[in-house]
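Residue numbers (my numbering): 15 to 137.
All residues carry an ideal CB built from backbone N, CA and C; glycine is no exception.
What follows is a short report on a single structure.
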């Protein structure tokens, strides 16, 4: 008979990306608030959290304000705050033209730019 290691857990979260990490944090906060003691395990295929995340991101800070304590929020490695939004048309000749409108649903003013890998490592 072959022997297999067994690790018992109450909750298993697969993936250490933004969704998995936010799920683990929120669940831990709720369990703590309710006085429950459950084991949460998060597994990640990369050698470390953020190892497979190569993109940058525009991040809405409100999400993290709701998820983290004020002290934890202050430590998030944001790169810079988004200033003014503009929409630009890229022309065939390599030039660009700023358009006179910017769709409101594409607005990022007040959000932050960040390395998603660095934010995940922080979480």
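{"query": "Residue 104 beta carbon less than 8 Å from that of residue 39", "result": "no"}
{"query": "Exposure of residue 126, with buried meaning 16 or more beta-carbon neighbours within 10 Å", "result": "buried"}
{"query": "Residue interval of the alpha helix (DSSP H) (run including residue 34)", "result": "32-47"}
{"query": "Given residue 60 as reference, the closest of 30, 41, 47 and 121 once Cα atoms are compared", "result": "30"}
{"query": "Cβ pair residue 54, residue 21 closer than 8 Å", "result": "no"}
{"query": "DSSP-derived helix/strand/coil call for residue 131", "result": "helix"}
{"query": "Beta carbon of residue 128 nearer than 8 Å to that of residue 36", "result": "no"}
{"query": "In DSSP terms, what residue 22 is bridged to", "result": "Bridge partners of residue 22: none, in fact."}
{"query": "Backbone CA spacing between residue 97 and residue 134 [nearest angstrom]", "result": "24 Å"}
{"query": "Residues near residue 64 by beta carbon distance below 6 Å, same chain, minus five either side", "result": "131, 134 and 135"}
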